[in-house]
Amino acid sequence: MSSHSQISPIAASQNRSFPFSAIVGQDEMKTALMVAAIDPTIGGVLIFGDRGTGKSTAVRALASLLPLMTVVAGCRFNCDPATRTSGCALCQNTGQGERSREALARTAFVPVPVVDLPLGATEDRVVGALDLERALTRGDKAFEPGLLARANRGFLYIDEVNLLEDHLVDLLLDVAGSGENVVEREGLSIRHPARFVLVGSGNPEEGELRPQLLDRFGLSVEVTTPQDVKTRVEVVRRRDAFEREPEAFIARWQPEDARASASIAAARERIRGVEVSDAALERAAELCIAIGTDGLRGELTLIRAARAVAALDGTHAVSDDHIRRVAPSALRHRLRRDPLDEAGSGARVARVIEGIFGA
């Protein structure tokens, strides 16, 4: 029998994050983040657009909606007690020291982590390194976990991702592909799980993203500054109210956030039972061929995202409507460059969707 050190869901939610439900507009961004939270295998979300449009606010707000996750108590890598075989060496009791059965049986409930990866971060800070304090004071070679360890089973958020240094991009590609961080330096050899939802944001005017990293993101959304007076006034009104009286503002939107949280939790349970018919697969393939995507990652992402949306809607099968709703996010960043077409990628995807599905 496991013993639990539980954190109250109410206490966990009081992190003063701007409520997810209170974000005005930006529906495509909010849907993409919810879809990635329902099915992390989709590959994360890339958010490009103007500054001050709620990109980082939405990421942190979403994390506060997610149910507390169960971890092995005291584990520095947020290991899941239900999947020992994919945990760290200590939780598997294989080398690098052992933990007692009693220690491994203890579990805790913790909030889903949202970890920022700053542009100036060193490789040691990202992957982890030798604990210099213990090495100097005790003579022990101990591992100090990095940002990837903290982000395991949560979100890794990179603002201005298009400005990230190449060596960190290569590192992220390796870890994102394997789901494991391997550190071998200063006589240390450490492996630990590093599975996270990668969320990147940036302004396309400040530089392009490397194609290899761009392809790793499952969904891509574009956010813009609202141009109508009514929407802008409402954004400013809500943000001002939140900053003046955060507790009262959060309490006001708590029922809406609770409903969104329940919807995500239900979709996670329901998604395995959502059917994808041959007709839906053919529709996805037809769409990707018409757009001209390279490889088959587009179809895989499109189907997985459509299935997550179907689960969120409470339906048991993927329909044309589900595919149509997620197609722009799943495909706009996979288009081949067309120097003769001055329309943006979103407009090009919309034209193909209209041609296949109708207006």
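The numbering of the sequence shown is our numbering, which starts it at 374 and goes up by one.
Idealized CB from N, CA, C, for every residue including glycine.
Everything numeric in this text was worked out from a predicted model, so none of it was measured.
Short CB-CB distance (under 8 Å) between residue i and chain C
i	result
T426	Absent from the structure is chain C; it holds one protein chain and no more.
Simplified DSSP state of residue i, which is helix, strand or coil
i	result
E538	coil
G552	coil
F391	coil
H742	Coverage of the chain is limited to positions 374 through 732, which leaves residue 742 absent and any answer about it impossible.
E533	coil
T467	Any reading at T467 needs caution, since the residue's pLDDT is 47, under 50, leaving its predicted position unreliable; the model's value is listed next. T467: coil per DSSP, three-state reduction.
I729	helix
F590	coil
L708	coil
D400	helix
G671	helix
V408	helix
P382	For P382, the predicted model reports a pLDDT of 40, less than 50, meaning its position is unreliable; a value from the coordinates is still stated below. Helix at P382.
Alpha-carbon to alpha-carbon, residue j and residue i
i	j	result
L419	V534	9 Å
D400	T688	20 Å
R449	R523	7 Å
F516	V556	9 Å
E642	L439	13 Å
V725	V647	26 Å
K428	G580	18 Å
M402	A502	35 Å
Q469	L654	With a pLDDT of 44 at Q469, under the threshold of 50, the modelled position of this residue cannot be trusted, and the question is left open.
R697	H706	16 Å
E538	N451	27 Å
A409	F590	10 Å
Pick from the options that is closest to residue i, judged by C-alpha positions
i	options	result
R564	C461, L582 and D547	C461
T404	L586, E727 and H695	H695
I676	V699, H689, T688 and G665	V699
L406	N554, L521, V647 and S437	S437
S562	E538, V500 and G591	V500
E496	D630, L708, P484 and V548	V548
V483	P413, D601, N525 and A690	N525
Exposed unless 16 or more other CB atoms sit within 10 angstroms - verdict on residue i
i	result
K603	exposed
E578	exposed
L492	exposed
P566	buried
G417	buried
L536	exposed
V722	buried
D613	exposed
T467	The predicted position of T467 is uncertain, since its pLDDT is 47 and thus under 50; no value can be drawn from it.
Cβ pair count under 8 Å reaching 3, the region 623-639 against the region 661-675:
Segments in contact, no.
Do the region 653-661 and the region 617-627 touch if we need at least three Cβ pairs shorter than 8 Å?
The count of Cβ pairs closer than 8 Å, one atom from the region 653-661 and one from the region 617-627, stays below three, leaving the stretches out of contact.
Is it a yes or a no for the region 389-396 touching the region 578-596, going by three-plus beta-carbon pairs under 8 Å?
Result no; under three Cβ-Cβ pairs closer than 8 Å.
Taking 8 Å as the cut-off, does the region 583-590 touch the region 542-552 (at least 3 CB pairs, one atom from each stretch)?
Verdict: yes, contact present.
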